[in-house]
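The numbering of the sequence shown is the working numbering, which starts it at 103 and goes up by one.
One structure is given below, encoded as structure tokens.
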Amino acid sequence: MKKSYNYLLSGLLLLSACAPVKKTASSNTSITNDGKIWASLWQQRAAEYKALCFQAYNIAKLRVDEGIKNPGDKPLAIVTDIDETLLDNSPYDVHRALQNLDYSDATWKQWTDKAVADTVPGAPAFFKYAASKGITIFYITNRNENERASTLKNLQLYGLPNADDEHLQLKTTSSSKEARRLNVLKTHNILLLCGDNLPDFDLLYDNHPAEDSRIATTQKLQKEFGSRYIVIPNPSYGDFEGALFQYNYKLAPAQKDSVIRAKIKADQ
């Protein structure tokens with residue numbers, strides 16, 4: 103009986119060794135999507151991420167306290183981006199990346215329609231504080247007009263100030279935010295701009311500049327960061343990624359991986 107058992111066991115082991123391995127959705131993820139998973143894990147779990155957000159909004163609070171002493175000839179305003187500046191969309195990024203899939207307009211709208219995104223650490227407290235000092239908050243985002251209702255619902259979920267149609271400016275014909283910032287300047291002095299992507303701050307970052315140009319512009323504007331420009335960390339997506347791939351959003355995962363391997367520094 104023992105001998106028969108050993109033959110049976112050997113046969114089962116041989117069959118299992120020869121059987122094809124079933125791959126999970128994440129076993130073949132590209133470098134890009136693996137990176138998004140890791141970045142989102144950091145965003146969701148790392149105390150360091152929270153610390154950086156608190157640091158940014160603590161500095162912003164100091165700028166508010168300074169700014170209200172000399173408001174100027176018009177009421178003060180703060181212009182803020184929404185995604186990854188105020189609302190945390192990392193669950194969407196993870197959902198797509200685990201399937202080795204890129205962003206798509208359709209699935210993004212499915213996510214924003216839920217209006218359940220959590221807030222970025224420190225953001226609600228800061229914007230409520232600024233509003234308590236008489237500062238108007240304008241939300242300038244590149245979400246589409248068909249996301250207006252769900253965006254307001256998500257902002258209102260946390261009792262954020264000025265979360266209404268008048269103060270929410272969505273994307274129209276251009277992703278550039280310059281015209282919308284100028285629109286705010288007609289009636290207000292902009293004390294601060296808050297964002298996670300450099301085009302949230304300055305016209306010089308518009309029109310898809312190359313990586314070298316983005317770095318040169320950042321060097322030129324270095325005194326503005328922490329002064330008028332408050333940057334929230336976002337390692338998952340943004341124009342840094344677009345510049346890396348020369349703004350070719352149709353690249354296949356394997357093509358993106360080739361670009362990353364060619365550009366990233368690695369010990370030999």
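Ideal placement from N, C-alpha and C gives every residue a C-beta, glycine not left out.
Values in this document were obtained by computation on a predicted structure and should not be read as measured data.
Own chain residues within Cβ distance below 7 Å of residue i, not counting five before or after
i    : result
V286 : A179, V181, F240 and I292
P223 : K152, C155 and F156
P226 : Y260 and L262
E280 : L305 and D308
Three-state secondary structure (DSSP) of residue i
i    : result
Y331 : strand
G297 : strand
D369 : coil
L270 : strand
G344 : helix
I362 : helix
F228 : helix
H310 : coil
L257 : helix
N248 : helix
A149 : helix
A356 : helix
N160 : helix
K322 : helix
N285 : helix
Beta bridge counterpart(s) of residue i as assigned by DSSP
i    : result
A179 : T238 and I292
T221 : L189
For residue j and residue i, the rounded distance between their alpha carbons
i    : j    : result
L295 : F327 : 10 Å
E168 : R250 : 33 Å
F342 : S278 : 16 Å
N264 : F228 : 13 Å
A368 : L284 : 43 Å
K352 : L164 : 43 Å
T238 : Q348 : 37 Å
L189 : N202 : 23 Å
H290 : R147 : 38 Å
A356 : R316 : 25 Å
A219 : P193 : 8 Å
K365 : K230 : 42 Å
N160 : G236 : 18 Å
G174 : K288 : 13 Å
W213 : N246 : 13 Å
Neighbourhood of residue i by C-beta distance below 8 Å, restricted to the same chain and skipping five residues each side
i    : result
L254 : A265, D266, D267 and L270
T319 : L300, D304, L306, Y307 and P311
N248 : K211
D297 : Just to set this straight, residue 297 is Gly in the shown sequence, not Asp. Within the same chain, G297 has close Cβ partners T182, D183, T187, F303, Y331, I332, V333 and I334.
T243 : D183, I184, D185, T253, L270, Q271, L272 and K273
Sequence-distant residues of its chain with Cβ nearer than 6 Å to residue i (five each side left out)
i    : result
A199 : N135, K138 and I139
D185 : N191
D195 : K138, S142 and S338
E313 : A345
L257 : A265
Cβ separation of residue i and residue j, assumed to be a contact under 8 Å, to the nearest whole Å
i    : j    : result
I133 : D359 : 5 Å
V166 : A208 : V166 to A208, Cβ: 39 Å. No contact.
Residue-chain proximity (residue i, chain B), Cβ-Cβ < 9 Å
i    : result
Q201 : Annotation note: the requested chain B is absent from the structure, which comprises a single protein chain.
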